[in-house]
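Trainee: Protein chains in written order, with numbering that gives the first Met the number 0: chain A, 0 to 95; chain B, 0 to 412.
Even glycine gets a Cβ: it sits at the ideal position worked out from N, Cα and C.
If you're wondering where the values come from, they're calculated on a predicted model, not measured in any experiment.
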Amino acid sequence: MKIIHCPLNGPRNISEFAYGGEVEAMPDPVSCSGDEWAEYIFMSDNPAGLVREWWLHVATAYWFIAERNTVTDEIIKTYPPSELYKQRIEFAKDID
Amino acid sequence: MPFALLKYGFSKKYPARHSFTPRKDLNQHYDVVIIGGGGHGVATAYYLARYHGITNIAVLEKGYLGGGNTGRNTAVLRANYLTEEGVKFYRESLQLYRGLSNEFDFNIMWENRGQLTLATTDAAMRSFRWRAEVNKHLGVGSELVDCQQIKELVPLLNLSENGRYPIIGGLWHYDGGTARHDAVAWGYAKAACERGVELHQLTEVTGLKITNNRIKAVQTNRGIVECGCAVQAVAGTSSLLAGMAGIKLPIHTYPLQAMVTQPYKPVLGPLVSAPHVHVYIQQTSRGEFVIGGGSDPYPLYSTRSTLEMKESLSSAIQELFPFIGNARLLRQWAGITDMTPDYSPIMGLSPVDNYYLDAGWGTWGFKATPICGKTMSELVATGKVPDLIKPFGLDRFYRFEQVNEAGATAASH
Numbered sequence: 000m001k002i003i004h005c006p007l008n009g010p011r012n013i014s015e016f017a018y019g020g021e022v023e024a025m026p027d028p029v030s031c032s033g034d035e036w037a038e039y040i041f042m043s044d045n046p047a048g049l050v051r052e053w054w055l056h057v058a059t060a061y062w063f064i065a066e067r068n069t070v071t072d073e074i075i076k077t078y079p080p081s082e083l084y085k086q087r088i089e090f091a092k093d094i095d
Numbered sequence: 000m001p002f003a004l005l006k007y008g009f010s011k012k013y014p015a016r017h018s019f020t021p022r023k024d025l026n027q028h029y030d031v032v033i034i035g036g037g038g039h040g041v042a043t044a045y046y047l048a049r050y051h052g053i054t055n056i057a058v059l060e061k062g063y064l065g066g067g068n069t070g071r072n073t074a075v076l077r078a079n080y081l082t083e084e085g086v087k088f089y090r091e092s093l094q095l096y097r098g099l100s101n102e103f104d105f106n107i108m109w110e111n112r113g114q115l116t117l118a119t120t121d122a123a124m125r126s127f128r129w130r131a132e133v134n135k136h137l138g139v140g141s142e143l144v145d146c147q148q149i150k151e152l153v154p155l156l157n158l159s160e161n162g163r164y165p166i167i168g169g170l171w172h173y174d175g176g177t178a179r180h181d182a183v184a185w186g187y188a189k190a191a192c193e194r195g196v197e198l199h200q201l202t203e204v205t206g207l208k209i210t211n212n213r214i215k216a217v218q219t220n221r222g223i224v225e226c227g228c229a230v231q232a233v234a235g236t237s238s239l240l241a242g243m244a245g246i247k248l249p250i251h252t253y254p255l256q257a258m259v260t261q262p263y264k265p266v267l268g269p270l271v272s273a274p275h276v277h278v279y280i281q282q283t284s285r286g287e288f289v290i291g292g293g294s295d296p297y298p299l300y301s302t303r304s305t306l307e308m309k310e311s312l313s314s315a316i317q318e319l320f321p322f323i324g325n326a327r328l329l330r331q332w333a334g335i336t337d338m339t340p341d342y343s344p345i346m347g348l349s350p351v352d353n354y355y356l357d358a359g360w361g362t363w364g365f366k367a368t369p370i371c372g373k374t375m376s377e378l379v380a381t382g383k384v385p386d387l388i389k390p391f392g393l394d395r396f397y398r399f400e401q402v403n404e405a406g407a408t409a410a411s412h
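Shown next, in the form of structure tokens:
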């Protein structure tokens, strides 16, 4: 069994977690072009190597960030999203 | 007997037949370079040579012929999709499959077994009725069946009402079937090589030379090859190769695992799929049960197998066919799949003028091999995108016009 070190719950079985996609900067949905939005929604570098991803510990509904190697399947490190996101993001700020 | 066999083997009167290009140096220039020597690559080469008179072609394969996902899929052939675009495309592929053995003079072991997908909820039955009606309208043989009909088709299936997920009906796709996947690659390669195509195995592409938005040459581990145009057909590593051409694709790479049991007498005719427990099964002509399921839960470029998948496939298949609990597993393996957001392929033109894409084949690539080769060859020869694959262009994502086949594909071949 593979173990993920959850920043909140410590080492847990990987079956307790769900993969949530790459960590990517979101363009401003109001001002960006259609192409930029398509790029953000669909396109991916999909690298063979190190990636930074969102993971969810399902039982505690806790989202965190993991750095993982997509060739060797090693999880290099995990940390809370607050290390990357210093400010709250208002998704629906300008959309009424 | 052994001596007779040796004598036969070494006799000049019975020379071994060379079906593929013997090992030789790469030419300096080819009209068409096809990157990837799987089913799709060699099929494209074959149709180019057969219908378009283009034979100065090199198919470059980093491993051996059909050794990637062509040899790792579970050989399910069907056309019971949901969208008009999808059904029309896969329908043509099934048609071509029926004639391939004769066309190659080489048996690809196509069998019209039929494919049965099981439902356990009313919602599943509604979506099956939708698919059946779309299929019938477009000339693909699909119909709804009830439990009595299922019992007649698959007598060994557990239809008990006391199970965890009692089966209430199914989608019977009587046009579906299977074929030997290696033989499809071998047949296409043989027929292509007979027409002058060169197959270069152990030839890995390491870079692409692009100037003025046109591909001029392909860098390989055996030297540089100039080309008139190039096709990429490298399921599993599509993002990486497209990256060398500066093209970003809407693909995430996931392993897809399967396993096979020891052989039994023939007891299971149709291919049976149970999306509610993420498992499907077929009995090969050798008697083994091939058991497959959904993709891995997270992206990875690796063909490793996992205990979790073995457990989930085993428990699911025992619910359907309890006797399989006594079978021994022979092998478990994985392929690497290009998963696209809408579960449809990415075929056709790319942002580079003379570089053509055949990617995004997720878990549905083998069944499309013939039609893919045929349409890609037409594109390469004429420069025009055939109508059949127009909906599958990379640009559909920028127009937000996806071809949604998620329901007809996910874990349910």
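(1) Please list the partners that Phe391 of chain B has in chain A, where partner means a Cβ-to-Cβ separation under 9 Å.
(2) If you draw a straight line from the alpha carbon of Ala333 of chain B to that of Phe322 of chain B, how long is it in whole angstroms?
(3) Is any beta-carbon of chain B found at less than 9 Å from that of Ala58 of chain A?
(4) Going by beta-carbon coordinates alone, are Thr339 of chain B and Pro254 of chain B separated by less than 9 Å?
(5) Hey, quick one: how far does the beta strand (DSSP E) through Asn68 of chain A stretch, first residue to last?
(6) Compare the C-alpha of Glu197 of chain B against each of B:Trp363, B:His17, B:Lys6 and B:Glu400 and name the closest.
(7) Flag this pair as touching only if the region 277-285 of chain B and the region 357-374 of chain B have three or more C-beta atom pairs under 8 Å; answer yes or no.
(8) What residue does the beta strand (DSSP E) around Leu170 of chain B start on, and which one ends it?
(9) Using a Cβ-Cβ cut-off of less than 9 Å, list which residues of the region 293-305 of chain B approach chain A; keep chain order.
(10) If you drop the 5 nearest sequence neighbours on each side, which residues of the same chain put their C-beta closer than 7 Å to that of Pro6 of chain A?
(11) Check each candidate in B:Trp109, B:Tyr63 and B:Leu170 and name the one with the smallest Cα separation from Gln94 of chain B.
(12) Once DSSP output is grouped into helix, strand and coil, what is the label at Glu23 of chain A?
(13) What are the start and end residues of the beta strand (DSSP E) that includes His4 of chain A?
(14) Please decide whether Ile34 of chain B counts as near chain A, where near means a Cβ-Cβ distance under 9 Å.
(15) Are the beta-carbon atoms of Arg71 of chain B and Ala191 of chain B separated by less than 9 Å?
(16) Mind checking which residues open and close the beta strand (DSSP E) that includes Met258 of chain B?
(17) Rounded to whole angstroms, what is the Cα-Cα separation between Gly20 of chain A and Lys264 of chain B?
(18) Throw me the rounded Cβ distance for the Asn220 of chain B and Thr236 of chain B pair, which I believe falls under 8 Å.
(19) Is Lys150 of chain B helix, strand or coil when you go by DSSP?
(20) Excluding the five sequence neighbours on either side, which residues of its own chain have a C-beta within less than 7 Å of the C-beta of Arg49 of chain B, listed in chain order?
(21) Kindly confirm or deny that the region 142-150 of chain B and the region 159-174 of chain B touch, where touching means at least three C-beta pairs closer than 8 Å.
(22) Please confirm if the region 380-395 of chain B is in contact with the region 20-33 of chain A, defined as three or more CB-CB distances below 8 Å between the two stretches.
(23) Short check: CB of Thr73 of chain B to CB of Val289 of chain B, under 9 Å?
(24) Going by DSSP, which residues form a beta bridge with Arg22 of chain B?
(25) Which chain A residues are close to Ile250 of chain B, counting only those with a beta carbon under 7 Å from its beta carbon?
(26) On the DSSP bridge list, what partners appear for Glu287 of chain B?
(27) Between B:Gly38, B:His51, B:Ala78 and B:Pro165, which lies nearest to Gly67 of chain B when the distance is taken from Cα to Cα?
Mentor: Short version:
(1) Chain A residues near Phe391 of chain B: none, gap ~14 Å exceeds 9 Å.
(2) So the alpha carbons of these two residues sit roughly 25 Å apart.
(3) By this cut-off, Ala58 of chain A is not an interface position.
(4) Contact: no.
(5) Tyr61 to Asn68 is the span of the beta strand (DSSP E), which, as asked, contains Asn68 of chain A.
(6) The residue with the shortest Cα to Cα distance from Glu197 of chain B is B:His17.
(7) The region 277-285 of chain B makes no contact with the region 357-374 of chain B: fewer than 3 CB pairs, one atom from each, lie closer than 8 Å.
(8) Residues Gly168 to His172.
(9) Along the region 293-305 of chain B, the positions whose C-beta sits under 9 Å from a C-beta of chain A are Pro296, Tyr297, Pro298, Leu299, Tyr300, Ser301, Arg303 and Thr305, read in chain order.
(10) The residues are Phe63, Thr77, Tyr78 and Pro79.
(11) Selected option, being the one with the closest Cα: B:Trp109.
(12) When DSSP states are grouped into helix, strand and coil, Glu23 of chain A belongs to the coil group.
(13) First-last of the beta strand (DSSP E) with His4 of chain A: Ile2 to Cys5.
(14) For Ile34 of chain B, the answer is no, since every Cβ of chain A falls outside 9 Å of its Cβ.
(15) At a Cβ-Cβ threshold of 9 Å, Arg71 of chain B and Ala191 of chain B do not count as neighbours.
(16) Annotation: the continuous beta strand (DSSP E) that includes Met258 of chain B extends over His251 to Pro262.
(17) Taking the straight line from one Cα to the other gives about 45 Å.
(18) Rounded to the nearest angstrom, the Cβ distance from Asn220 of chain B to Thr236 of chain B is 15 Å, too far for a contact under 8 Å.
(19) The three-state secondary structure of Lys150 of chain B, taken from DSSP, is helix.
(20) So the list reads Arg194, once near-sequence residues are dropped.
(21) Yes, the region 142-150 of chain B is in contact with the region 159-174 of chain B.
(22) Cβ pair count under 8 Å is below three, so no.
(23) Yes; because the gap between Cβ atoms is below 9 Å, this pair is in contact.
(24) In the DSSP output, where bridge partners are listed per residue, Arg22 of chain B has none listed.
(25) Neighbours of Ile250 of chain B on chain A, chain order: Ser43 and Asn45.
(26) DSSP lists B:Pro262 as partners of Glu287 of chain B.
(27) Considering only alpha carbons, the answer is B:Gly38.
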